[in-house]
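Number of protein chains: 4
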Amino acid sequence: MPTDSTSGSRAPARPSSSTSDGLFDGIYARGDVAAAVGGRAWLQAMLDVEGALARACAREGLIPDDAAEAIAAACRAGDFDLAALARETADHASPVVPLVRALREAVGGDTAEHVHHGATSQDVVDTAAMLVARRALDPLLRDSRAAMDAAARLADRHRATPVMGRTLLQQAVPMSFGLKAAVWLNAVADAAAWVADTRTRALAVQMGGPVGARSPAVAAHVARDLDLADPVMPWHTNRARPAGLASSLGALAGAFAKVAQDVVLMSQTEVGELREGVAGRGESSAMPHKRNPVAAVSVIACTERVPALVGAVFAAMPQEHERAAGRWQSEWGTMTDLMTLTGSAAAWSADLLGHLEVDAERMRANLGGADPDPGAADELIDRALGAYRA
Amino acid sequence: MPTDSTSGSRAPARPSSSTSDGLFDGIYARGDVAAAVGGRAWLQAMLDVEGALARACAREGLIPDDAAEAIAAACRAGDFDLAALARETADHASPVVPLVRALREAVGGDTAEHVHHGATSQDVVDTAAMLVARRALDPLLRDSRAAMDAAARLADRHRATPVMGRTLLQQAVPMSFGLKAAVWLNAVADAAAWVADTRTRALAVQMGGPVGARSPAVAAHVARDLDLADPVMPWHTNRARPAGLASSLGALAGAFAKVAQDVVLMSQTEVGELREGVAGRGESSAMPHKRNPVAAVSVIACTERVPALVGAVFAAMPQEHERAAGRWQSEWGTMTDLMTLTGSAAAWSADLLGHLEVDAERMRANLGGADPDPGAADELIDRALGAYRA
Amino acid sequence: MPTDSTSGSRAPARPSSSTSDGLFDGIYARGDVAAAVGGRAWLQAMLDVEGALARACAREGLIPDDAAEAIAAACRAGDFDLAALARETADHASPVVPLVRALREAVGGDTAEHVHHGATSQDVVDTAAMLVARRALDPLLRDSRAAMDAAARLADRHRATPVMGRTLLQQAVPMSFGLKAAVWLNAVADAAAWVADTRTRALAVQMGGPVGARSPAVAAHVARDLDLADPVMPWHTNRARPAGLASSLGALAGAFAKVAQDVVLMSQTEVGELREGVAGRGESSAMPHKRNPVAAVSVIACTERVPALVGAVFAAMPQEHERAAGRWQSEWGTMTDLMTLTGSAAAWSADLLGHLEVDAERMRANLGGADPDPGAADELIDRALGAYRA
Amino acid sequence: MPTDSTSGSRAPARPSSSTSDGLFDGIYARGDVAAAVGGRAWLQAMLDVEGALARACAREGLIPDDAAEAIAAACRAGDFDLAALARETADHASPVVPLVRALREAVGGDTAEHVHHGATSQDVVDTAAMLVARRALDPLLRDSRAAMDAAARLADRHRATPVMGRTLLQQAVPMSFGLKAAVWLNAVADAAAWVADTRTRALAVQMGGPVGARSPAVAAHVARDLDLADPVMPWHTNRARPAGLASSLGALAGAFAKVAQDVVLMSQTEVGELREGVAGRGESSAMPHKRNPVAAVSVIACTERVPALVGAVFAAMPQEHERAAGRWQSEWGTMTDLMTLTGSAAAWSADLLGHLEVDAERMRANLGGADPDPGAADELIDRALGAYRA
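Residue numbers (the numbering used here), protein chains in the order written: chain A, 5 to 394; chain B, 5 to 394; chain C, 5 to 394; chain D, 5 to 394.
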């Protein structure tokens with residue numbers, strides 16, 4: 005059986021930080037995305053924004069160069085008290101007020117007044133959210149690629165392995181299992197390409213000042229500095245960017261869910277064509293003949309939660325005037341959960357596909373008397389592999 | 005006041021076809037999208053697919069040329085009994101079985117066997133759904149452009165009209181009302197560009213045969229014929245395309261909702277900066293001092309229903325094996341409603357923005373003593389207008 | 005095989021009134037609920053409210069008795085022009101303004117001024133919505149009972165029919181198929197009891213006047229007259245009632261979906277334990293060995309759309325001040341769709357369970373060598389039957 | 005101004021346990037509910053179930069009395085390694101397998117085999133989930149009562165305070181601010197009564213064994229022991245109970261959201277009728293004239309996320325066969341988030357209403373020349389107060 009040693013198969017990175025103190029993190033927060041969207045990651049991202057803002061303001065002659073350097077040098081998350089900032093966040097419905105105060109204390113003296121020059125809290129939170137997303141998409145796309153590599157291997161290896169095609173869960177006509185794996189690959193690849201495109205185009209700097217009327221010159225510097233897109237204008241209440249990111253994550257989660265659903269169905273005792281291949285996992289002491297499809301079930305447990313969250317991001321789009329009173333503040337938790345759950349589904353999927361056991365004999369037996377018929381499997385598989393590798 | 009005579013302002017096109025026999029169609033189904041996604045439009049689209057399929061099969065030498073011509077010539081919706089097809093749809097959970105039977109009867113003789121050659125019901129429904137979507141996006145984007153044109157005019161005309169900027173619904177600092185309109189324009193333009201991009205890239209032919217293993221040659225011909233994208237491989241159970249379309253519609257609805265929300269807030273009696281300007285609409289005989297923001301309320305009535313529908317399309321993504329048992333069939337209604345509601349929101353928004361009355365004096369009075377401060381309004385407005393007109 | 009002739013098995017009642025001109029109504033709008041929530045039903049319900057209001061005002065001495073009689077006599081939907089009312093609805097974001105005008109014209113003379121005495125549009129729409137719901141719940145609960153009766157028969161008849169119990173889609177230990185049917189019965193019965201409880205307790209009159217400050221005396225009369233609950237106070241912006249109704253419908257849809265999902269799984273070619281038993285339905289000319297589970301697929305097609313709609317009703321709850329600007333108006337379409345889809349699922353479920361073919365031999369064969377073990381099936385089945393029949 | 009010292013106003017109880025390492029916990033996880041649904045609370049609840057199960061089995065003569073005593077005595081969460089259990093949870097898609105192993109090790113010897121007698125993992129997780137919910141509902145309902153008490157005081161105190169009634173955000177006719185507060189009270193009270201009813205009736209024991217066929221005798225003992233409802237039969241795949249709980253929480257969140265929305269609107273600079281009254285909160289150093297409605301914004305930030313989660317619980321209802329492969333496992337996270345967010349909204353609402361500053365002069369000024377008209381305010385307020393206090 006093809007197996008992978010992917011990042012997807014390691015133990016959860018932050019067992020103590022989920023909504024349930026980690027009890028279910030192994031399911032919902034597998035892989036490295038969860039840590040990348042955690043409080044410390046947010047804190048560093050906000051500090052990165054303050055640092056970049058200071059440099060940009062210096063370049064525009066708005067603050068002294070040495071103040072900018074001092075501010076940027078102070079923007080290390082390890083020097084800040086995350087718990088204290090969290091406590092004060094509640095008093096402002098924003099983490100930026102206490103952060104700016106703490107950063108001003110850190111730099112001290114005359115430099116303090118140059119911190120956060122001309123910016124509003126939303127500038128910092130929105131830009132930080134984009135940074136957090138970009139950093140979280142790295143492990144997410146890495147695990148997705150591991151899943152796709154495994155699907156590609158299955159597609160190539162099983163070009164000529166016949167399997168029954170099934171529609172409405174009824175046997176229809178035979179096809180190639182390699183083609184089935186190529187459809188999985190193609191679905192994940194389409195969605196991952198969407199995520200990657202979002203990463204490049206939708207993750208943009210926010211630097212509009214109190215009501216979005218600030219000159220875009222500072223934003224352009226910050227965008228270059230942080231390697232984010234430079235938008236036409238501030239997007240304080242134009243939430244197409246979060247919605248675009250959420251959608252692409254939802255599509256990726258949906259693609260993983262489809263694969264997992266097929267694996268569960270093909271692993272049914274009565275079908276028996278696939279089996280998860282990680283020793284010791286999913287076994288039952290009470291029923292030793294059973295091996296539960298734990299990875300596939302975990303993918304579904306994560307992805308089942310995602311569509312509603314996608315809807316929630318869209319529901320939060322109508323944000324009032326120049327800064328919303330609640331809908332904006334709701335996005336932070338929803339986006340965090342979306343990234344965590346999709347990231348976990350990617351890690352589980354890499355594991356699932358990397359360790360899948362294919363029972364080609366059972367597949368053939370399930371054809372009944374039907375003639376194996378790959379159709380245009382070779383051509384279609386090549387197209388899927390070619391598109392993925394392009 | 006600037007007013008437009010847009011398609012958005014005409015009476016609903018199909019007062020008798022909604023889920024409530026039309027009683028609420030004036031609100032939920034304004035404009036021309038509703039008719040474009042109605043049963044007759046679906047029927048013609050399915051027939052267009054059968055015609056294109058016949059021509060493609062002839063080109064590939066799979067059926068005789070004259071059979072293809074005869075089939076294509078018979079594919080006129082007006083010649084079919086929509087009500088009878090609808091009745092039989094229930095017996096197959098698909099409209100294609102009765103349609104193919106009726107089409108075979110229509111062409112008769114030896115030609116009958118060449119109808120629907122090598123295709124599966126899903127090929128026809130999915131390709132027809134894409135055609136329906138493309139045809140519905142025309143009026144939707146036309147009404148969106150009317151809304152954007154009106155926003156652009158407001159942005160340009162009111163560059164120097166001061167208005168109070170508001171965050172968390174508290175007065176913050178003054179800004180330019182033209183800039184506010186430019187933010188509306190930019191939000192709608194971003195989302196409309198997403199829809200237009202989806203129209204070009206996501207609307208693809210489906211022609212995979214019973215289990216998706218058919219050679220892509222026929223699909224390529226059909227794609228060219230119907231001016232749809234030619235996908236890497238069949239997407240029977242890879243639902244990124246419906247999800248992408250739904251997302252882009254959701255973003256557009258969200259952008260319209262933001263505008264409408266702002267108009268409602270600025271039309272409050274205590275604020276009084278905006279007023280809907282269609283004579284006779286929204287007036288109350290009991291309270292003649294009142295003019296209700298009917299267009300804005302209708303936009304919100306439509307768009308409030310959209311995010312859940314977007315989520316529903318994502319929830320339907322994990323489709324089993326080579327054709328799903330229920331989730332696929334759920335998409336048809338959800339997508340129809342999504343297009344109808346977003347189309348209605350576009351028509352209402354064109355009307356709303358095209359007839360908006362701006363009370364610049366009241367805006368100035370609401371500044372209190374604050375100095376008017378446009379910030380970088382001119383530069384930002386020019387960027388928004390430039391990006392829209394590009 | 006046990007078969008029923010239930011209302012669920014008849015052709016759709018309103019093939020021409022859905023969002024797709026009826027093409028998909030056979031799937032989404034089966035049974036009698038769709039007509040009960042259509043435009044004409046809404047119109048009659050609004051007229052019933054105006055009639056009851058007139059009688060209540062007469063009882064309170066607010067209008068003359070003969071005026072009340074004349075108004076009530078005029079409240080016949082057949083005498084009104086539904087299409088014209090629909091057109092004018094768009095000008096007010098409410099159907100009540102044109103309705104009151106038309107009713108005043110109908111009664112004429114001095115009586116006209118007594119129409120709609122002291123009421124607001126929301127009083128009429130909300131009370132009518134409750135009437136519409138109550139009338140739609142009759143066929144919905146009737147079809148649900150037909151489904152439950154069929155499940156009860158299966159439970160009783162198959163007490164001793166062994167079937168494999170399955171967890172995570174893996175075979176676990178044998179159980180009784182009658183018990184499985186009893187679980188279906190119990191799930192539907194729990195949800196139907198919730199719906200019935202909602203019908204009794206949540207469907208209340210609304211009669212608060214312009215801002216909800218009207219004396220409750222008139223409301224009490226109207227409640228008695230229309231057999232609706234009399235609330236503690238007006239609920240113009242307290243939307244627990246729509247949310248409660250939506251939730252109970254969502255639970256019922258979820259229960260039907262669970263049954264349909266199990267039927268699809270047990271109808272898989274490789275499992276073969278159940279088969280839908282309506283001759284001619286779901287058969288495929290291309291693949292005569294196949295019989296598609298059309299009823300189960302249709303149940304899923306409907307119910308898959310429901311959870312998002314439930315969420316949408318909750319999302320619309322935060323309604324501003326004394327009448328919302330958009331969220332309230334969004335409820336009408338969402339509730340209509342919720343009732344139609346759940347009603348259709350009930351009709352399809354009655355049909356599905358009433359015609360289900362049970363292959364007890366295949367069930368036994370699928371046990372492999374495992375000893376049949378009904379567990380406490382008899383006791384549990386009796387409890388389920390007893391609770392249902394209580 | 006009336007102020008309260010409620011649990012709602014204390015700092016968040018678990019700053020380190022949210023999905024974002026606590027950075028946003030002050031907003032999303034205020035009050036005591038978050039800790040009550042955390043990992044340690046889940047662990048104790050699962051142990052309570054194992055202890056009750058052991059006692060029940062002893063009562064039924066299935067295991068020795070002293071074994072039951074030894075097991076029950078070992079069921080102290082403090083003696084278990086939560087992090088280790090969390091790690092192993094991933095290998096089984098369930099926390100029960102490692103928990104039972106650890107509990108067997110803890111009791112040791114011959115007693116070990118009597119642990120978890122005849123139960124399945126789902127019995128323990130589902131019953132524990134119900135216990136967790138019940139324990140979390142205590143602080144949630146306590147904070148809700150604090151919010152209602154504050155609303156009741158406002159209603160009583162401001163019976164004769166005129167305020168403009170507003171529909172579609174337009175001024176309509178004057179009413180009493182006390183009546184407005186009574187509507188808030190009534191909405192929260194309706195929803196809280198629903199939650200309390202759910203607590204009593206929907207929170208039931210689950211004890212069906214591997215496939216739900218276990219005799220209900222053991223379940224009855226466990227129900228009595230844990231003070232949970234004793235269901236007609238196991239509900240492994242009948243998810244009306246989670247759906248009912250989710251719905252009631254959604255209604256409560258919606259009621260709080262309505263209050264917060266009204267407060268935000270009445271706190272607008274241009275309206276100025278209400279102001280949040282916690283010193284130092286929501287103030288801006290940049291704009292000292294501003295006081296942001298932080299509590300109301302936080303309520304909205306929480307409650308905006310809730311409707312989608314309610315929908316997600318309904319979407320998870322169609323659970324396959326005797327235990328679902330993914331949908332069941334998705335509920336744990338969704339329900340945890342639902343309770344946390346609704347709990348936080350309750351705590352914030354208690355704080356908001358307990359410290360609300362009412363500007364009766366501004367209310368009167370906003371009437372313009374309109375005559376104050378309380379309507380039936382006194383009668384309706386008395387009804388609302390009476391119903392709440394009943």
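C-beta: ideal position from N, C-alpha, C; glycine also.
Per DSSP, residue i is paired with what?
i: D:Q175; result: D:R170
i: B:A233; result: B:A208
i: D:R279; result: D:E361
i: B:R157; result: Answer is none; B:R157 lacks a bridge partner.
Under a Cβ-count criterion, where at least 16 other Cβ atoms within 10 Å of its own Cβ denotes burial, should residue i be classed as buried or exposed?
i: B:G12; result: Interpretation of B:G12 is limited by its pLDDT of 38, a score under 50 that renders its predicted location unreliable; the figure taken from the coordinates is listed afterwards. Buried, because 16 or more other Cβ atoms sit within 10 Å of the Cβ of B:G12.
i: D:T467; result: The question about residue 467 of chain D has no answer, for chain D in this structure spans 5 to 394.
i: D:G65; result: exposed
i: C:A45; result: buried
i: D:D355; result: buried
i: D:R80; result: exposed
i: A:D36; result: buried
i: B:A388; result: buried
i: A:A77; result: exposed
At a CB-CB cut-off below 8 Å, which residues of chain C make contact with residue i?
i: D:S302; result: What D:S302 touches in chain C: nothing, since even the nearest Cβ is about 14 Å away.
i: B:A223; result: Under the 8 Å cutoff, chain C gives no residues; its nearest Cβ is about 19 Å from B:A223.
Anything in chain B within Cβ reach of residue i, meaning under 7 Å, just list it in chain order.
i: C:V1; result: Missing from the structure shown is residue 1 of chain C; chain C here goes from 5 to 394 and no further.
i: A:A381; result: A217
What does residue i touch in chain B if you count any residue whose Cβ is under 9 Å from its own?
i: D:K294; result: T171, L172, Q174, Q175, A176
i: D:A312; result: P311, A312, G315
i: A:V187; result: G216, M237, P238, W239, H240, T241, N242, E326
Using the beta-carbon of each residue, which ones in chain A are nearer than 9 Å to residue i?
i: B:P376; result: The contacting residues do not exist; B:P376 stays about 12 Å from chain A at best.
Could you tell me which chain D residues have their CB closer than 7 Å to the CB of residue i, listed as they occur along the chain?
i: C:V236; result: N190, R387, A388, A391
Starting from residue i, find everything on chain A with Cβ-Cβ shorter than 8 Å and list it in chain order.
i: B:W352; result: Within 8 Å Cβ-Cβ: nothing; B:W352 doesn't reach chain A, min ~14 Å.
i: D:R285; result: D95, H96
Under 8 Å Cβ-Cβ, which residues of chain D neighbour residue i?
i: A:L89; result: L27
- Query: If contact means a Cβ-Cβ distance below 7 Å, which residues of the region 22-43 of chain B contact chain A?
  - Reply: none
> Which runs of the alpha helix (DSSP H), 4 residues or longer, sit entirely within the region 22-66 of chain B?
Replying inline: 29-32, 37-40, 43-63
* Asked: Got a sec: which bits of the region 316-348 of chain B sit with their beta carbon under 7 Å from any beta carbon on chain A, in order along the chain?
  -> F318, A319, M321, P322, Q323, E324, H325, E326, R327, A329
>> Any C-beta of chain D within less than 9 Å: which residues of the region 248-276 of chain B qualify?
In response: V268, L269, S271, Q272, T273, E274, V275, G276
Below 7 Å between beta carbons is the criterion; list the residues of the region 164-177 of chain A that meet it against any residue of chain C, in chain order.
L172, L173, Q174, Q175, A176
(Q) Restricting to runs no shorter than 4 residues, where is the alpha helix (DSSP H) found entirely within the region 99-125 of chain B? (A) 100-111
Checklist line | Contact set between the region 42-58 of chain C and chain B, restricted to residues whose Cβ is under 8 Å from the partner | finding: G42, G43, R44, W46, L47
Next on the checklist: Could you tell me which whole alpha helix (DSSP H) segments of length 4 or greater appear in the region 366-393 of chain C?
Outcome noted: 381-393
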